[in-house]
DNA sequence: CGCTCGTTTGATATATTTCAAGAATTGTGG
DNA sequence: CCACAATTCTTGAAATATATCAAACGAGCG
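Chains as they are written, first to last, in UniProt numbering: chain G, 1 to 247; chain Z, 1 to 247.
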């Protein structure tokens, strides 16, 4: 395949292969999936709660997040996604979306028709297994967030989220584990950790004051990874990353 | 199949068929899966965090829950399972368990070797799709729990959990939507909704005092489903139940 | 350069936790 | 079947983490 290096779906190949090794044929089949590319602005919605999406959505660039809104108006972000993540496999396979997906920053996505996803998943078990893994790992991250929000206090909680980003950013080659740029406001951060933006602000300042992090606008630096991981009660096993078990 | 009515794996057939219709052949193939039956006491662990489980586990009777423990000792229950649920598909497929699974009450489980699960999932797409759905729906429930714990106050939160149980119990034919028995202590309930057992106690009493529920020991009666659903901000779509869309 | 959005700061309010002890219920061995 | 032990539930008072409200400050942007 002449375009095998620059092909947008290579991101998908890489992701799936990471979870479950693919043969060359599998890789080519994934690259041969039909898709349409779209450019989205920050704040644009990929899916609305209640929709019946017809496509799975692969993030090519930029960041996105899933969220729900409670009856009292409170918003809760349930996950944050970056380049290479497949959002909306859930929503499209389950038929009707049970949550919203919105772009955090401007970015590109690839839309792949559900039927094509379904077909390749079962005609090529390795591909299917990779997709299944992807959803299983997401489940694992959801569980950790439940623990994080449910049982950790503000400073540990925010610290934990910063650590998670750090590892995932590095795994996606979007930054180093100890330094990365995340285009998120404190209000959005608050909605992710179930705190108030005011309290998130105070918490970030305390993390900085205590020497755990440095920050300039949207850039986070974790000064001492080990110290931070201890404070943040962060054990990355739940991410199920197959990297050379650094850390 | 002479034993097709009493066969333990019928529970699995039913569950998978609910998510994605199975052919007769598929049903028989599921029933033909190898498995071992085990009886567990209340409090026994099905899997420990860090284990490398070799089996997927189907609950035949009794209740179980998944939990994690934070560094500060706080315990968080992430899901509660009943007859017909498949726990530990996650843990066994992902290789190393990222959370604990423990029996809430005494009960029976069927252990199915992972390889057999993996094989049937890809040799029989309808079965595989059903399993995938199962994990997707679980993901959806996790997301709702994140919202519940993150953005709802005590009374709404507890109410929401009671509503969820109500629907799931009825869907599993373990009780009526408005009345069911759940062998859970207030301490465990507290660990599920991320509150203190003391506060859960006060909250249950308030729910009772306000007329939303009645209770005798472990039996919960929801006096007026609609009123309760409104209070509890409960919209069951996230359960993705395929029942005749009651409610 | 002025506007808007995001961050920072302060004072006060409140939901939930913590600690502690008593009451009720369930389980158990004799 | 009773008596005792062990959980579980209930209640109260005090402590605290986080929310709320409101205003000032700063930075990026058209």
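By construction, the Cβ of each residue, glycine as well, lies at the ideal position given by its N, Cα and C atoms.
Simplified DSSP assignment, three categories, for residue i
i                      : result
residue 9 of chain Z   : coil
residue 113 of chain Z : strand
residue 167 of chain Z : helix
residue 18 of chain G  : helix
residue 103 of chain Z : strand
residue 247 of chain Z : Low per-residue confidence applies at residue 247 of chain Z: pLDDT is 38, beneath 50, and the placement is therefore not dependable, though the value from the model is reported in the following sentence. In the structure shown, residue 247 of chain Z sits in coil (DSSP, three-state: anything other than H, G, I, E or B).
residue 160 of chain Z : helix
residue 172 of chain G : coil
residue 29 of chain Z  : helix
residue 97 of chain Z  : coil
residue 79 of chain G  : strand
residue 154 of chain Z : helix
residue 64 of chain Z  : strand
residue 35 of chain Z  : coil
residue 2 of chain G   : At residue 2 of chain G, the pLDDT of 45 sits below 50, so the modelled position is not reliable; the number obtained from the coordinates is stated separately. Of the three classes helix, strand and coil, the one that applies to residue 2 of chain G here is coil, per DSSP.
residue 237 of chain G : helix
Boundaries (first-last residue) of the alpha helix (DSSP H) holding residue i
i                      : result
residue 201 of chain Z : 197 to 209
residue 186 of chain G : 186 to 193
residue 227 of chain Z : 225 to 231
residue 212 of chain G : Looking at the DSSP string, residue 212 of chain G is not in any alpha helix (DSSP H), and its letter there is neither H nor E.
residue 92 of chain G  : 89 to 94
For residue i, the nearest candidate out of the options (CA to CA)
i                      : options                    : result
residue 238 of chain Z : G:198, G:91, G:188         : G:91
residue 146 of chain G : Z:170, Z:6, Z:57, Z:193    : Z:193
residue 117 of chain Z : Z:106, Z:129, Z:108        : Z:129
residue 220 of chain Z : Z:166, Z:234, Z:77         : Z:166
residue 57 of chain G  : G:23, G:195, G:13, G:113   : G:113
residue 271 of chain Z : Z:152, Z:189, Z:181, Z:185 : Only positions 1 to 247 of chain Z appear in the structure, and residue 271 of chain Z is not among them; the question remains open.
residue 84 of chain G  : G:59, G:168, G:63          : G:59
residue 7 of chain Z   : Z:65, Z:22, Z:16, Z:30     : Z:30
residue 161 of chain Z : Z:17, Z:14, Z:75, Z:233    : Z:233
residue 103 of chain Z : Z:158, Z:123, Z:242, Z:38  : Z:38
residue 45 of chain Z  : Z:154, Z:68, Z:34          : Z:68
residue 62 of chain Z  : Z:110, Z:15, Z:74, Z:135   : Z:110
residue 242 of chain Z : Z:9, Z:12, Z:21, Z:10      : Z:21
residue 206 of chain Z : Z:236, Z:154, Z:119        : Z:154
residue 223 of chain G : G:150, G:120, G:89, G:163  : G:163
residue 178 of chain Z : Z:27, Z:168, Z:156, Z:225  : Z:225
Residue i classed as buried or exposed, judged by whether at least 16 other C-beta atoms fall within 10 angstroms
i                      : result
residue 48 of chain Z  : exposed
residue 115 of chain Z : exposed
residue 79 of chain G  : buried
residue 53 of chain Z  : buried
residue 245 of chain Z : The predicted position of residue 245 of chain Z is uncertain, since its pLDDT is 41 and thus under 50; a value taken from the coordinates is nonetheless stated next. Exposed, since its Cβ has fewer than 16 Cβ neighbours within 10 Å.
residue 209 of chain Z : exposed
residue 19 of chain G  : buried
residue 1 of chain G   : At residue 1 of chain G the pLDDT is 47, less than 50, meaning the model places this residue with poor confidence; the figure from the coordinates comes in the next sentence. Exposed, since its Cβ has fewer than 16 Cβ neighbours within 10 Å.
residue 32 of chain G  : exposed
residue 66 of chain Z  : buried
residue 125 of chain G : buried
residue 99 of chain G  : buried
residue 24 of chain Z  : exposed
residue 198 of chain G : exposed
residue 216 of chain Z : exposed
residue 158 of chain G : buried
residue 36 of chain G  : exposed
residue 185 of chain Z : exposed
residue 218 of chain G : exposed
residue 140 of chain G : buried
residue 247 of chain Z : Only weak support exists for where residue 247 of chain Z lies, its pLDDT of 38 falling under 50; the coordinates are left without a value.
heavy atom of the ligand PLP below 7 Å from residue i C-beta
i                     : result
residue 31 of chain Z : As presented, the structure is devoid of all ligands, the ligand PLP included, so that no description of it is given.
Continuous beta strand (DSSP E) stretch holding residue i: start and end
i                      : result
residue 264 of chain Z : This structure leaves residue 264 of chain Z out entirely; chain Z is present only between 1 and 247.
residue 42 of chain Z  : Neither: residue 42 of chain Z is in no beta strand (DSSP E) and is coded neither H nor E.
residue 60 of chain G  : 55 to 61
residue 219 of chain Z : 219 to 222
Residues of the UniProt domain "HTH crp-type" (152 to 226) of chain Z with Cβ closer than 7 Å to any Cβ of chain G, in chain order: Of all residues in the UniProt domain "HTH crp-type" (152 to 226) of chain Z, 152, 194 have a Cβ within less than 7 Å of some Cβ in chain G.
Selection of the region 51 to 78 of chain Z by Cβ proximity to chain G, strictly under 8 Å: The region 51 to 78 of chain Z vs chain G, Cβ under 8 Å: 66, 68, 70, 71, 72, 74, 75, 76, 78.
Residues, ordered as in the chain, of the region 116 to 131 of chain G that lie near chain Z by beta-carbon distance below 7 Å: Taking 7 Å as the Cβ-Cβ cut-off against chain Z, the residues of the region 116 to 131 of chain G that qualify are 122, 125, 128.
Contact list for the region 92 to 115 of chain Z against chain G, Cβ threshold 9 Å: Hits within the stretch, in order: 93, 94, 95, 96, 98, 99.
Cβ-based contacts, 7 Å cut-off: residues of the region 40 to 51 of chain Z near chain G: Against chain G - using a Cβ distance shorter than 7 Å - the region 40 to 51 of chain Z contributes no residues.
Chain-ordered residues of the region 4 to 16 of chain G with a beta carbon less than 9 Å from chain Z: Cβ contacts with chain Z: none found.
Near-chain Z residues of the region 231 to 244 of chain G - C-beta to any C-beta below 7 Å: Within the region 231 to 244 of chain G, the qualifying residues are 233, 237, 238, 240.
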